[in-house]
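Below is one structure, written out as structure tokens, with a few remarks after it.
Residue numbers (my numbering), protein chains in the order written: chain A, 1 to 352; chain B, 1001 to 1099.
Have a look at this one:
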């Protein structure tokens, strides 16, 4: 197939290359020593981006235009002094649409978003999010107060969605100049007074479906959800075949908007996969029902998959575990171990 | 002219363990390094990077550099915290988990 799986780990970025015989080749790590919370290859020009973090040197973004041979640090990643805030970890990098050459988005801590117009060389903080009138009601999740999901409407460059833990999903219709909470119907069971607030939800991952952009899928701290109206309202989908409503990883099928994958974990207090196994659950009917698809996965197992730890493309899905294993499969087929004994996997990203 | 001596990830990023810089102050020398690796977005020294000028710890970014001064940057390896005053009572091991 010739695909590459980009695997961000606690200690560097690994590229796993899919061979012609469906085997995998693992290269030595790039960006050795950096904690890579997310990495992608920009489908527009092949640039590699990596959200790199160090407890000494802070949150950074590295980019490479030569496949990882050499890297440059992005400039301008920081928050204005008058905000009283400083940049924490960088969590998610999202290249813009093909119609927006040069645009790159970056989500980071503390719940901030940056936009680049020059292919990721320099970034500017998105003021409307930094100064959002509801910011004082946002609370950090276990990973901090983080903007970790950025998902684009492929039909409208001005419409995108972000996920902030724990503030919820926000949508912009004007390219980031204003942001509206989009959490109606999603639960925040941990809120003492109102389990369905306007905001404050702990979204774990959110995606726009690339072929049906009015449809969104969300794995939340409190449930799995689907929206068919651009996030105006959400329908809860767990309780019909899923062993748990809690999890992080989420996968889709670009060719079928009714397909989604989740990896349930016991819950907030016990973040390992359910039923003493590593189980991926798939729906093919928009979330009305789910079935276990674990052929090729280990059992018994008690695995941990993080929010960026799963990705999908037209061919299939892949995910990585905190125990350093990476698995991949086509949308119809069995799981294959693509790598083992890596450092703890923080992110997985599929690339042609 | 001063000499910057680098360690760890910083040396990896710069591609050298020793760099000559034309700088009149400690801050100028540190600003010659790429991005925000040593100084954060507000120009503050990152708390887990320690600066030594000719063998003495230097906290003042405005401190002048003598011609030929040696500036050593030492980054924390396993974490820990900046202790600004002694704890009143020992609580045993204060170390952080190794990473």
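Glycine residues also receive a C-beta, built at the ideal position from the N, C-alpha and C atoms.
For the alpha helix (DSSP H) containing residue i, name the first residue and the last one.
i, result
"residue 283 of chain A", "Counting along the chain, residue 283 of chain A falls outside any alpha helix (DSSP H), though it belongs to the beta strand (DSSP E) covering 281 to 283."
By DSSP's criteria, residue i is part of a beta bridge. Which residues make up the other side?
i, result
"residue 147 of chain A", "A:164"
"residue 1064 of chain B", "B:1025"
"residue 212 of chain A", "Partner(s): none; residue 212 of chain A has no beta bridge."
"residue 205 of chain A", "A:219"
"residue 264 of chain A", "A:247"
"residue 181 of chain A", "A:170"
"residue 139 of chain A", "According to DSSP, which records beta bridges pairwise, residue 139 of chain A is partnered with nothing at all."
"residue 225 of chain A", "A:218 and A:236"
"residue 92 of chain A", "A:107"
"residue 1019 of chain B", "B:1004"
"residue 1056 of chain B", "B:1053"
Going straight from the alpha carbon of residue i to that of residue j, what length do you get?
i, j, result
"residue 350 of chain A", "residue 1052 of chain B", "44 Å"
"residue 274 of chain A", "residue 283 of chain A", "17 Å"
"residue 339 of chain A", "residue 263 of chain A", "19 Å"
"residue 43 of chain A", "residue 352 of chain A", "8 Å"
"residue 15 of chain A", "residue 1067 of chain B", "45 Å"
"residue 207 of chain A", "residue 279 of chain A", "21 Å"
"residue 220 of chain A", "residue 205 of chain A", "7 Å"
"residue 115 of chain A", "residue 248 of chain A", "25 Å"
"residue 181 of chain A", "residue 233 of chain A", "11 Å"
"residue 34 of chain A", "residue 165 of chain A", "23 Å"
"residue 1033 of chain B", "residue 1076 of chain B", "18 Å"
"residue 330 of chain A", "residue 341 of chain A", "23 Å"
"residue 296 of chain A", "residue 1020 of chain B", "55 Å"
"residue 74 of chain A", "residue 159 of chain A", "25 Å"
"residue 292 of chain A", "residue 281 of chain A", "4 Å"
"residue 196 of chain A", "residue 143 of chain A", "22 Å"
"residue 318 of chain A", "residue 134 of chain A", "36 Å"
"residue 1073 of chain B", "residue 1007 of chain B", "7 Å"
"residue 37 of chain A", "residue 12 of chain A", "9 Å"
Go ahead and pull the three-state DSSP assignment for residue i.
i, result
"residue 321 of chain A", "coil"
"residue 1014 of chain B", "helix"
"residue 83 of chain A", "helix"
"residue 1030 of chain B", "helix"
"residue 1094 of chain B", "Because residue 1094 of chain B carries a pLDDT of 35, less than 50, the predicted location of this residue cannot be relied on, and the following value inherits that uncertainty. Residue state, collapsed to three classes: coil."
"residue 334 of chain A", "coil"
"residue 269 of chain A", "coil"
"residue 316 of chain A", "strand"
"residue 78 of chain A", "coil"
"residue 979 of chain B", "Here chain B covers residues 1001 to 1099 and nothing more, so residue 979 of chain B does not appear."
"residue 1035 of chain B", "coil"
"residue 1111 of chain B", "The question about residue 1111 of chain B has no answer, for chain B in this structure spans 1001 to 1099."
"residue 16 of chain A", "strand"
"residue 152 of chain A", "strand"
"residue 49 of chain A", "strand"
"residue 328 of chain A", "strand"
"residue 259 of chain A", "strand"
Between which two residues does the beta strand (DSSP E) containing residue i stretch?
i, result
"residue 28 of chain A", "No beta strand (DSSP E) contains residue 28 of chain A, which DSSP labels as neither H nor E."
"residue 239 of chain A", "Careful: residue 239 of chain A lies outside any beta strand (DSSP E) and carries neither H nor E."
"residue 310 of chain A", "310 to 312"
"residue 1050 of chain B", "1049 to 1053"
"residue 57 of chain A", "From DSSP, residue 57 of chain A is part of no beta strand (DSSP E); its letter is neither H nor E."
"residue 35 of chain A", "35 to 41"
"residue 345 of chain A", "345 to 351"
"residue 10 of chain A", "Element bounds for residue 10 of chain A: n/a, residue is neither H nor E."
Could you check whether the Cβ of residue i sits closer than 9 Å to any Cβ belonging to chain C?
i, result
"residue 1053 of chain B", "Although the question refers to chain C, the structure presented lacks it and instead comprises the protein chains A and B."
Margin query: Just to confirm the assignment: which complete alpha helix (DSSP H) runs, minimum length 4, are found wholly within the segment 98 to 132 of chain A?
Written below: Taking 4 residues as the shortest admissible run, the segment 98 to 132 of chain A contains the following complete alpha helix (DSSP H) segments, listed from N- to C-terminal end: 127 to 130.
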